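Below is one structure, written out as structure tokens; the observations come after it.
2 protein chains.
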Amino acid sequence: MTRSELFSQIQQKSSFLCVGLDPDLEKIPAHLRSEADPIFSFCKAIIEETADFAVAYKPNIAFFEALGAKGWETLAKVSELIPKDIFTIADAKRGDIGNTSKLYAKAFFESMDFDSITVAPYMGKDSVSPFLEFKDKWVILLALTSNVGSMDFQLIEDKAGKPFYQSVLEKSQEWGSPENLMYVVGATRGELIGEARKAAPEHFFLVPGVGAQGGSLAEVAKYGMNSTCGLLVNSSRGIIYASGEKDFAKVAGEEAQKLQEEMKELLERYL
Amino acid sequence: MTRSELFSQIQQKSSFLCVGLDPDLEKIPAHLRSEADPIFSFCKAIIEETADFAVAYKPNIAFFEALGAKGWETLAKVSELIPKDIFTIADAKRGDIGNTSKLYAKAFFESMDFDSITVAPYMGKDSVSPFLEFKDKWVILLALTSNVGSMDFQLIEDKAGKPFYQSVLEKSQEWGSPENLMYVVGATRGELIGEARKAAPEHFFLVPGVGAQGGSLAEVAKYGMNSTCGLLVNSSRGIIYASGEKDFAKVAGEEAQKLQEEMKELLERYL
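Note that the protein sequences, when read in sequence, are chains A and B.
If you're matching positions, the first sequence starts at 40 in this note's numbering and goes up one per residue.
If you're matching positions, the second sequence starts at 40 in this note's numbering and goes up one per residue.
Shown next, in the form of structure tokens:
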């Protein structure tokens, strides 16, 4: 998917919502567990009820990988199920030497047909570039994550006082463009989203940490929105586990709609 | 596997060789391609011929993941095939927020029975700790990698002149001990192995980059060996693709033996 196609979707749906698919056998409603593939049934119902309000889906690969070969079959089926006009993110946080990253890229972009994959920056250019060589596919590079541990390394300042995540933002712009490179920028500190936006004015940011992790959507929009929105705000647990009963999908749809309505207002205010 | 069991193996075999399993359908000998599971047949033959000379095997997960669900079945079969007294490394370079890392840990330590997994440090403590909670299992944290891109971020100096990989070595020693935490330290620059050894005197280092990537085994031993050896030196392509013909496994065994003989001398010299 191209950047302009993604922006069209955002305008059409008045939404920049990404729904995170973290399907946990221990958390999905009990009545699904007797199905042949409970994880697939769960994701299918969630996607059907939220698709009108979401512009992106982000399956968290660990939740599928934890189920072994069967989990990979389910992941492939789920990725095929997502409507083609919705952006798909393989949240895999891969990254390895060149020939290995190339294989990860093939797994997610060719064997499956994801639009994008999250990638860890630690190993530098040759670990990221193989993912950037696929037409209309995207790297979403970790810059500033939303977890507590993000403070351990990402904020270490260099001799000039530049925090490490800023070095990642600057250096990686030599490898990709706003047409094929996004960044993960966590929502837990609004002013840092503003700092990241200064360093990467045109790029899309995938923003985790709204909801369960405590970030505010209004702050994200205030500090992070650019002229093509530039934001995909993810919510996982707040949507998919809003109800643990038989009405889980309907309630997920309602939660997604609430976020979409808030996003509509923010788009009208800032865009 | 415990550290003392690993060291016993090293003494018994006079070897600190790790054989990297990067099984690529395009590179394995042509006569294997008609088998039901060519990748499994390839790995099985390699393991049989090299097991006397190796103390560790390191399947590169990307090579299996690239084959989808079937690749995961093959990976599980290969991991079961490796003799129990040989240390196993899932070269997966995972790392995510706590609840997600926990699932990756379950996939590699419970669903499969790997002794260790390679982990990327960028997301900090809560991305690494879940892997450290499994008894007799190991994290092998990326510190200084052997690829060209390692220069992009790993050598950035902080205000006090400390390179970033040194911050990773120092900080992470608060999370794990030499009994459950190793580091990836690339072989391409001997003096940097010495610097890493000063920062982590007791920990094992997994050293890639000998052979195909140009590092010297003698330099690695000189700068990196400690009182319990403290080294696992990996060779992948130099062993498994030493011959592309029907004799590939026999030739792999010979290459492994050559390295083991060199390692025997180095162990006698430095230990």
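Don't be surprised by glycine CBs; every beta carbon is placed ideally from N, CA and C.
For clarity, every value in this text was computed on a predicted model and none was experimentally measured.
For B/Ile85, the three-state secondary structure derived from DSSP is helix. Beta-carbon to beta-carbon, A/Ile125 and A/Thr157 are separated by about 17 Å, too far to satisfy the 8 Å threshold.
For B/Gln193 against B/Leu183, the beta-carbon gap comes to about 6 Å, under 8 Å, which counts as contact. When C-alpha distances from A/Asn186 are compared across B/Glu241, B/Tyr204, B/Asp165, the shortest belongs to B/Asp165. Rounded to whole angstroms, the separation of the alpha carbons of B/Leu271 and B/Val249 is 11 Å.
A Cβ-Cβ distance of about 6 Å is found for the pair B/Ser168 and B/Trp214, placing them in contact under the 8 Å criterion. Counting only Cβ-Cβ distances below 8 Å, A/Met190 has contacts in chain B at Gly163, in chain order. At a cut-off of 8 Å between beta-carbon atoms, A/Glu234 makes no contact with chain B. Within 7 Å of the CB of A/Pro160, the CB atoms of chain B belong to Tyr161, Phe192, in sequence order along the chain. Exclusion of the five residues before and after A/Trp111 leaves Phe103 as the residues of its chain whose Cβ lies within less than 7 Å of its Cβ.
In the pairwise beta carbon analysis, the segment 50-60 of chain A is classified as touching the segment 267-286 of chain A: at least three pairs are separated by under 8 Å.
Residues of the segment 119-131 of chain A with a C-beta less than 7 Å from any C-beta of chain B: none at all. With fewer than 16 other Cβ atoms inside 10 Å of its own Cβ, B/Glu300 counts as exposed. Take the alpha-carbon of B/Ala239 and the one of B/Tyr309: they are about 18 Å apart. For B/Gly188 and B/Tyr143, the gap between their C-alpha atoms comes out near 25 Å.
Taken in chain order, the complete beta strand (DSSP E) segments of 3 residues or longer contained in the segment 186-251 of chain A are 220-224, 244-246.
Put simply, the CB of B/Asp197 is near chain A, with a gap under 8 Å to one of its CB atoms.
Counting only the Cα atoms, B/Met264 lies some 13 Å from B/Lys303. Interface criterion not met: the Cβ of A/Tyr280 is under 8 Å from no Cβ in chain B.
A/Leu142 belongs to the set of residues whose beta carbon lies under 8 Å from a beta carbon in chain B. At a cut-off of 8 Å between beta carbons, A/Gly137 contacts chain B. Interface residue (Cβ-Cβ distance to chain A less than 8 Å): B/Val187 is classified as such.
With distances taken between CA atoms, A/Ala75 lies nearest to A/Lys109 out of A/Lys109, A/Lys261, A/Lys289. Here the segment 70-86 of chain A makes no contact with the segment 56-73 of chain B; the two share fewer than three CB pairs at distances below 8 Å. When Cβ-Cβ separations below 8 Å define contact, A/Gly215 makes no contact with chain B.
For A/Met190, the number of other beta carbons within 10 angstroms of its own is below 16, and it is reported as exposed. Setting aside the 5 residues that flank it on each side, B/Ala260 is surrounded in the same chain by Leu305, Tyr309, each with a C-beta closer than 6 Å to its C-beta; the list follows chain order. The beta carbon of A/Val246 sits no closer than 8 Å to any beta carbon of chain B. Among the residues of the segment 63-81 of chain A, none has a Cβ less than 7 Å away from any Cβ of chain B. Within chain A, Asp191, Phe192 have C-beta atoms less than 9 Å from the C-beta of B/Lys210, given in sequence order. Taking all protein chains in view, the Cβ of B/Glu294 is crowded by 16 or more other Cβ atoms within 10 Å, so the residue is classified as buried. B/Ala105 has a beta carbon lying within less than 8 Å of a beta carbon in chain A. Residues of chain B with a Cβ closer than 7 Å to the Cβ of A/Trp111 are, in chain order, Gly107, Ala108, Trp111. Close CB contacts of B/Thr89 within its chain, under the 7 Å cut and outside five residues either way in sequence, are with Val58, Ile278, Ala291, Gly292, Ala295 (chain order). Residues Glu241, His242 of the same chain have their beta carbon placed closer than 6 Å to that of A/Pro217, with the five preceding and five following residues left out of the count. A/Val207 has a beta carbon lying within less than 8 Å of a beta carbon in chain B.
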